[in-house]
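Residue numbers (mature numbering (1 follows the signal peptide of the UniProt record, and there is no 0)): -20 to -1, 1 to 138.
Positions of the beta carbon are idealized from the N, C-alpha and C atoms, including for glycine.
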């Protein structure tokens, strides 16, 4: 019986090996990046008459998982005559790029006229989505002169 107890004690001692653990925390960071690119900096209408169009490609990118706000802003609220700001030409700007569909009616002459839309974060938007901005004049130019506006396309992380 003594031999059995000694053998059992030896077996228990051998099976009770030392054990220790530790952990390693892993982390990193990716900065939020939202950009508008591949946009033609200037568009000239071939004629200043109702129905005339111009188009530009655009790429929107935003890697924020919460998504982004995309906006179109007309600085002048229409194509403003440089000689007389009350003599503008109304136009429509339509932006389509992936899940983004946005339309601005620049038809009031109101400065900083803006529309915006919130879009969910997606792999497509994080990699960059190609699209187009279409511009269409809504009326004829009645007065001589140069007409201009600045249309801003912006994307901001939510």
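Rounded Cβ spacing between residue 84 and residue 28 (contact assumed at less than 8 Å):
Wrong, their Cβ atoms sit about 19 Å apart, outside the cutoff.
With distances taken Cα to Cα, identify the nearest neighbour of residue 73 among 66, 34, 1.
34
On the criterion of 16 or more Cβ atoms from any shown chain inside 10 Å, does residue 60 qualify as buried, or is it exposed?
buried
Residue 105 versus 23, 7, 11, 79, residue with shortest Cα-Cα distance:
79
With burial defined as no fewer than 16 other Cβ atoms inside 10 Å of the residue's Cβ, what is the status of residue 109: buried or exposed?
buried
To the nearest angstrom, how far is the alpha carbon of residue 50 from that of residue 138?
10 Å
Please classify residue 54 as buried or exposed, where buried requires at least 16 neighbouring CB atoms within 10 angstroms.
buried
Contiguous alpha helix (DSSP H) assignments of at least 4 residues, all confined to the segment 81 to 126:
103 to 107
Determine, using beta carbons only, whether residue 76 and residue 111 come nearer to each other than 8 Å.
yes
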